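Notes follow the structure.
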Amino acid sequence: MTAMSTTEHKTRGADASKGRARSGLPRSRPAISLSYVILFIGVAIALVPFLYVVSTSLKESTSLFSYPPDWIPSPIFWGNFESLFADHPFVLWTINTLFVAGAVTALKLWFDSMAGYALAKMEFAGRRGVALLLLLSVAIPISALIIPMFFVVRYLGLLNTYWALILPPLANPLGIFMARSFIVGIPDDLEASARLDGASEFTIYRKIVLPLIRPGLVVLGMFTFMLQYTSFIWPLIAVSDSDRQVLAVGISGLQSAFLQDWGLLSAGMLVAAVPITVVFLLVQKAFVFNDLSGALKE
Amino acid sequence: MTLSPEEHRRLAKRYRRRTTLTAYAFLGPNLVAFAVFLLIPVVWLLVSTFRTGGVLGPAEFVGLDNWRDTFSDPLARTSIRNTVVYSAMAIPTVFIIAMILALALNAIPRGGAPIRVALYLPTLQPAVVAAFIFTFVLHPDFGVINYAVRWLGGDPINFLGDTTLALPTIAGIEVWRGTGFWTMMFLAGLTALPGELYHAAELDGAGAIRRFIRLTLPLLRPTFYFAVIFATIVNLQLFDSVFALTDGGPVNSTVSVSLYIYRSLFLFGDIGFGATLSFLLVITVLLLTGLQTYLLRDRK
Amino acid sequence: MSAVSPRADVAVSLIQVAKSYGDVEVLQPFDLQVGEGEFVVLLGPSGCGKSTIMKMIAGLEEVSHGEIHVAGELVNYVRPRDRDVSMVFQNYALYPHMTVRDNIAFPLTMSRRPRLKRDVIGARTLEAADIVDLAPYLDRKPAQLSGGQRQRVALARAIVRQPAVFLMDEPLSNLDALLRADMRTSLLEVHARIKKATLYVTHDQIEAMTMADRVVVLNAGRIQQIGRPRDLYTAPANTFVAQFIGSPRMPLHDLEVRDDGTLSFADATLTGDADVPLAPGASVTVGLRPSALRATSSASACFAGKVTRRDYLGSDSYLDVDLGAGLSVMVRAEADSAVRPGDTVRVAADPGAIHVFDDVGARVCGASARRQKR
Ligand SMILES: Nc1ncnc2c1ncn2[C@@H]1O[C@H](COP(=O)(O)OP(=O)(O)OP(=O)(O)O)[C@@H](O)[C@H]1O
Ligand SMILES: [Mg+2]
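Chains as they are written, first to last, in our numbering: chain Z, 1 to 298; chain Y, 1 to 300; chain A, 1 to 374.
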């Protein structure tokens, strides 16, 4: 390891994005044009359905079936949004979702970076065994565990509480391996030096490791937050009280309870999309999409 | 030396034990969560496959009855087939589209940031939201697609009401939602590739397609490995969009394993049956990821 | 088991220390003592185990066998932070996210007994930065420094704690030649000032010879020789040391001892300088140190041969001289000597030029050369 790479150390993915050196060459003009065309189509397919939702949310349900469909509603109808906030605990769902997803993300980043540090840098009895066990359990599908999980959580008396939503996702070991792959990239001499300088393992973790893997943690955090924000089956099972419910389940309830009130549903989905989009845009600047795939390399 | 060998051994052991304790302290929170919410449920699952008992009733040992029931249940077989067929449709499709978009993003000189955000928006939506969005888009009466079909003179297509179309439609919706995620994943892999290799290949006169097949794909092997494993695990758990869109219909053509597990608990309360099906799913995913690990291993 | 025991006036003492990774033995058992204020250099080729020795002393690697004592205390089972040792790493290991000031202050902020006050930390940080001339750069990050400056930050971070022992693992190897010479001087100045036991690793013999009080030559996990720089040069313990120390490299020739206990080398007779004559018939290896052989016109010369090649070094030149019968030597000549390849020259041997080693490479004695009467 040279001096340069030590002192200017970044985690692996950060290098990749900083380099921005495209793998390849000055592309030919036709190739660039074709790329823009492809991306335009991709963006159109990604976004048009949202426009449809926007349009629908601003119409009265009765005018939905006008034929041919008009994209720009006239007059603009705000009733769906009013009803959403007046007749349904939509604000509560949003708060619940943000709280649960935020708590899971914070706890997971903390626990996973600690465990990742132990697996990446410490010598201890049983290390291979623990790593193998965790790696195997990456492949355990959570939705196959909903039945026993339901009984475990019921046994703990946590059904219908925030704990029921926050604790079980902590058992997903994928994040440990991602954190480990960031930490492995830190030169051993850096911690060795800190160790000699008098730092305890926890101080090394907090003062050296955490600051250095921040770019990776932002990505891992976004990834965790997103998984949590979109999770559905477990909240559906673990929480029955509508006031404690999360957005995804709440919205799907709008449909069955009020039999295809498309306008209301659209308004709900639109408002539900706002928080996560804002979070995404906030971290987007720091968001160099790390190569998370390093996690499972060995 | 000042100490006897026995003394050294004793002190060395004590010293090592301290580092081991520290390591387990770091692993602690995760290991606890892991034990309570993964290990215990898996063991519970295994035990339940040999027992019967409703949600309320007492459990009793029934030997292999649950296994026999599960294997002879035609709907269980259907659910497994649906899940596998769905994954086989959705995963390759989303990978190919995402790869193309990632290559395009990697090729353009500017404007990448807003395009990435736009492509990522569908990924940020819960699957149920994506499902509802497409209920409108695909609606036989007022969806845009059918509007276009009518305009072209065809009969409106009932995407979700048709036994042959429903599952591919659900796969399509999941592709729409997943494309952004995999595009970013592949793009991260692409940007990390060493540029010098490509210059060398260019000098050797390798064409763009050749370069892609001979250089890019092999170099992206770690990315693909992660992608294939992760996509398999996620897709075999198909539930949300089925639950929101078709609830397994029409005529069970979209019943997925997870949906059937859910029903066995909350609709007909047969825990033994649900547990057996769950256990089968666990085994299947474990075996599949093992197989994929074997096939995608580094052959050097 | 060794008879050596730890003494209090010895800063570091290694007793029968060995290291293996699984079945791979990377260090054979050895003893080494570093006195108070002594500057000891570990010298050896890449991969010979130098860093491993340092890491064992620092407590970063477990000791497989033997004992390590620092200031008279057994430290095998003492945590690195409690060993009173600081280390400068080969790649400096600066904390990239901290300023120079925070890097230097880090060991002080970590100090528990006693916990230091802010102003004490600040003052000692400044003092350490001053010793290595870093005061103007305190608010920069390591990435904004040159290689030499980074090296000095690492040094300041090591001295700020005022430890009993300094370990420096190839601290200059990443610098260019000019800077390296400069840093060598400043390192020695710092050492003269604080006078703490220092163990310094390098694979550069010039660094070792110029800086060390004593040099430990290592090869393939074995200690070859421990001695003052002068001893290594004048009395290399074996062929490895003889060839590793001194430049250009010493050529070796295998010979057989004649019945009268002398050796025949080209048209000269070599006589061992030991009290006991060489055993007749024994196979020996003879090395002739190029820097102690002179091209001369004097009649006292012991060899003569044809120049096959000439290397101009500025201060002097080196000639490859073919003595016939498959023997050749390398000799020193005046830088502007008129001798050219093809010319015939005579060669004189200064005392200490010729070394005789036995069939396993251990040094037997020196030798003098006399021209054979024909
Ligand atoms: N963890 C390890 N497992 C097995 N062998 C190791 C390990 N660490 C080091 N070695 C081996 O131990 C030997 C000594 O390594 P060491 O780092 O001490 O060499 P060095 O003398 O410092 O070399 P350099 O001058 O290149 O820094 C090497 O041959 C190395 O391959
Ligand atoms: Mg080394």
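Ideal Cβ positions, reconstructed from N, Cα and C, are used throughout, including at glycine. Please read all numbers here as calculations on a predicted model, not as lab measurements.
In chain A, what lies closer than 9 angstroms to residue i by C-beta?
| i | result |
| --- | --- |
| residue 15 of chain Y | 62, 76, 77, 78, 79 |
Beta carbon of residue i, beta carbon of residue j: below 8 angstroms?
| i | j | result |
| --- | --- | --- |
| residue 76 of chain Y | residue 238 of chain Y | no |
| residue 160 of chain A | residue 142 of chain A | no |
| residue 246 of chain A | residue 291 of chain A | yes |
| residue 296 of chain Y | residue 232 of chain Y | no |
| residue 38 of chain Z | residue 267 of chain Y | no |
| residue 130 of chain Y | residue 67 of chain Y | no |
| residue 323 of chain A | residue 286 of chain A | no |
| residue 238 of chain A | residue 71 of chain A | no |
| residue 165 of chain Y | residue 193 of chain Y | no |
| residue 152 of chain Z | residue 282 of chain Y | no |
| residue 39 of chain A | residue 198 of chain A | yes |
| residue 97 of chain Z | residue 246 of chain Z | yes |
| residue 53 of chain Z | residue 266 of chain Z | yes |
| residue 280 of chain Y | residue 141 of chain Z | no |
Assuming residue i and residue j make a contact with CB atoms under 8 angstroms, what is their CB distance in whole Å?
| i | j | result |
| --- | --- | --- |
| residue 347 of chain A | residue 310 of chain A | About 14 angstroms separates the two Cβ atoms, so there is no contact after all. |
| residue 21 of chain Y | residue 77 of chain A | Between residue 77 of chain A and residue 21 of chain Y the Cβ distance is about 15 angstroms, and since that is not below 8 angstroms, they are no contact. |
| residue 35 of chain A | residue 10 of chain A | 6 angstroms |
| residue 111 of chain Z | residue 30 of chain Y | 5 angstroms |
| residue 48 of chain A | residue 221 of chain A | 6 angstroms |
| residue 180 of chain Y | residue 121 of chain Y | 7 angstroms |
| residue 223 of chain Y | residue 189 of chain Y | 4 angstroms |
| residue 116 of chain Y | residue 184 of chain Y | 7 angstroms |
| residue 201 of chain A | residue 51 of chain A | 7 angstroms |
| residue 128 of chain Y | residue 232 of chain Z | 6 angstroms |
| residue 135 of chain Y | residue 245 of chain Y | 7 angstroms |
Of the choices the options, whose alpha-carbon is the least far from that of residue i?
| i | options | result |
| --- | --- | --- |
| residue 15 of chain Y | A:232, A:142, A:61 | A:61 |
| residue 269 of chain Z | Z:251, Z:261, Z:278 | Z:251 |
| residue 223 of chain A | A:172, A:276, A:240 | A:240 |
| residue 261 of chain Y | Z:137, Z:148, Z:29 | Z:148 |
| residue 24 of chain A | A:64, A:32, A:54 | A:64 |
| residue 185 of chain Z | Z:124, Z:273, Z:60, Z:215 | Z:215 |
| residue 228 of chain A | A:208, A:144, A:220 | A:208 |
| residue 196 of chain A | A:164, A:203, A:183, A:220 | A:164 |
| residue 140 of chain Y | Y:151, Y:157, Y:211 | Y:157 |
| residue 84 of chain A | Z:187, Z:201, Z:197 | Z:197 |
| residue 272 of chain Z | Z:31, Z:201, Z:91 | Z:91 |
| residue 236 of chain Z | Z:36, Z:52, Z:160 | Z:160 |
| residue 132 of chain Y | Y:241, Y:5, Y:212, Y:154 | Y:241 |
| residue 270 of chain Y | Y:197, Y:50, Y:126, Y:111 | Y:50 |
Give me the chain Y residues within the contact set of residue i, using Cβ-Cβ distance strictly less than 7 angstroms, ordered along the chain.
| i | result |
| --- | --- |
| residue 42 of chain Z | 101, 119 |
| residue 168 of chain Z | 37 |
Using a Cβ cut-off of 8 angstroms, pull out every chain Z residue sitting near residue i, in sequence order please.
| i | result |
| --- | --- |
| residue 12 of chain A | The contacting residues do not exist; residue 12 of chain A stays about 15 angstroms from chain Z at best. |
| residue 274 of chain Y | 147 |
| residue 126 of chain Y | 229, 230, 231, 232, 247, 248, 251, 272 |
For a contact defined as C-beta to C-beta under 7 angstroms, what are the partners of residue i on chain C?
| i | result |
| --- | --- |
| residue 245 of chain Z | In summary, chain C is missing from the structure at hand, where the protein chains are Z, Y and A. |
Which residues in chain Y sit within 8 angstroms of residue i, going by Cβ to Cβ distance?
| i | result |
| --- | --- |
| residue 56 of chain Z | 136 |
| residue 201 of chain Z | 22, 26 |
Could you list which residues in chain A have their beta carbon closer than 7 angstroms to that of residue i, in chain order?
| i | result |
| --- | --- |
| residue 208 of chain Z | 95 |
Whose Cβ in chain Y lies nearer than 9 angstroms to the Cβ of residue i?
| i | result |
| --- | --- |
| residue 109 of chain Z | What residue 109 of chain Z touches in chain Y: nothing, since even the nearest Cβ is about 12 angstroms away. |
Report the neighbours of residue i on chain A: residues whose CB is nearer than 8 angstroms to its CB, in chain order.
| i | result |
| --- | --- |
| residue 12 of chain Y | 62, 76, 77 |
| residue 3 of chain Y | 67, 74 |
Consider the C-beta atom of residue i and the heavy atoms of ligand 4; say whether any pair is separated by less than 7 angstroms.
| i | result |
| --- | --- |
| residue 121 of chain Z | Inclusion of ligand 4 in the displayed structure is not the case, the ligand content consisting of ligand 1 and ligand 2 alone. |
- Task: Anything in the segment 21 to 47 of chain Y with a Cβ closer than 8 angstroms to a Cβ of chain A? List those residues in chain order, please.
- Result: none
- When you check each C-beta in the segment 41 to 69 of chain A against every C-beta of chain Y, which residues fall closer than 9 angstroms? 62, 63, 65, 66, 67, 69
- Which residues, in order along the segment 136 to 150 of chain Z, keep a beta-carbon less than 7 angstroms from a beta-carbon of chain A? none
- Message: To be precise: take each residue of the segment 173 to 195 of chain Z, compare its Cβ to all Cβ atoms of chain A, and keep it if any distance is under 8 angstroms. Which residues remain?
- Response: 187, 189, 190, 192, 193, 194, 195
- Query: Along the segment 210 to 230 of chain Z, what residues have a CB closer than 9 angstroms to any CB found in chain A?
  - Reply: 211, 212, 214
- Item | Selection of the segment 85 to 103 of chain A by Cβ proximity to chain Z, strictly under 8 angstroms | 85, 86, 87, 89, 90, 91, 92, 93, 94, 95, 96, 97
- Message: Under 8 angstroms, CB to CB, which of the residues in the segment 253 to 282 of chain Z have a partner in chain Y?
- Response: 255, 262, 265, 266, 269, 272, 273, 276, 277, 280, 281
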